[in-house]
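Below is one structure; the comments refer to it alone.
Numbering (mature numbering (1 follows the signal peptide of the UniProt record, and there is no 0)), first residue to last: -22 to -1, 1 to 96.
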């Protein structure tokens, strides 16, 4: 009985380990897409009442700001007031008004909520 100089399993293992590997194509990371979600999106208030608004935003990987970069405003003149923290106070008159939140780090990203004062 003749024996092969190497067992077949060693030969196959050598071929598998020594075979050239196909390069793995590099994929570009997805570009960051800034988001801004405003809550609530619509409210009804009586004149002079207040409503807290909240903004939820995402950040690029590795970025953690010291404060949330959101600017608040009321779109209509004399449509009430809003604080830097998002606390809206309705005017003393009836009407439909809009509270806007805008990302300061991405100023083109803005959303608005509707406020009906009646």
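Cβ coordinates follow ideal geometry from the N, Cα and C atoms, glycine included.
Figure out for me which residue from 78, 65, 94 and 62 has the closest Cα to the Cα of residue 72. As a working note, residue 72 is residue 94 in the chain shown. Considering only alpha carbons, the answer is 94.
Going by the CB atoms, is the gap between residue 51 and residue 78 shorter than 8 Å? As a working note, residue 78 is residue 100 in the chain shown. As a working note, residue 51 is residue 73 in the chain shown. For the 8 Å CB-CB criterion, residue 78 and residue 51 form a contact.
On the DSSP bridge assignment, give the partners of residue 29 in chain order. In the chain shown, counting from the first residue as 1, residue 29 sits at position 51. According to DSSP, which records beta bridges pairwise, residue 29 is partnered with 66.
Are the Cβ atoms of residue 53 and residue 90 separated by less than 8 Å? Locating residue 53 in the chain shown gives position 75, counting from the first residue. Locating residue 90 in the chain shown gives position 112, counting from the first residue. Yes.
Output needed for residue 76: all residues of its chain with C-beta closer than 8 Å, excluding positions within five of it in sequence on either side, in chain order. Taking the chain shown and counting its residues from 1, one reaches residue 76 at position 98. The answer, listed in chain order, is 52, 53, 54, 57, 90, 91, 92 and 93.
Decide if residue 16 is buried, meaning its Cβ has at least 16 other Cβ atoms within 10 Å, or exposed. Residue mapping note: residue 16 aligns to position 38 of the chain shown, counting from 1. Per the 10 Å Cβ criterion, buried.
Should residue 87 and residue 96 be called a contact, given that it needs their Cβ atoms to be closer than 8 Å? Position 109 of the chain shown holds residue 87. Position 118 of the chain shown holds residue 96. No.
Here's the rule: buried if 16 or more other CB atoms are within 10 angstroms of the residue's CB, otherwise exposed. What is residue 41? Walking along the chain shown from the start, residue 41 turns up at place 63. Residue 41 sits exposed, since fewer than 16 C-beta atoms from the chains shown fall within 10 Å of its C-beta.
Continuous beta strand (DSSP E) stretch holding residue 78: start and end: Here residue 78 is taken as the residue at index 100 of the chain shown, counted from 1. For residue 78, the uninterrupted beta strand (DSSP E) run begins and ends at 73 to 81, by DSSP.
Reference residue 47; option with closest CA among 4, 13, 6 and 7: Mapped onto the chain shown, residue 47 falls at position 69. The candidate whose alpha carbon is nearest that of residue 47 is 13.
Beta-carbon proximity list for residue 68, same chain, < 8 Å, skipping 5 on both sides: As a position in the chain shown, residue 68 is number 90, starting the count at 1. So the list reads 23, 24, 25, 26, 27, 28, 29, 58, 75, 93 and 95, once near-sequence residues are dropped.
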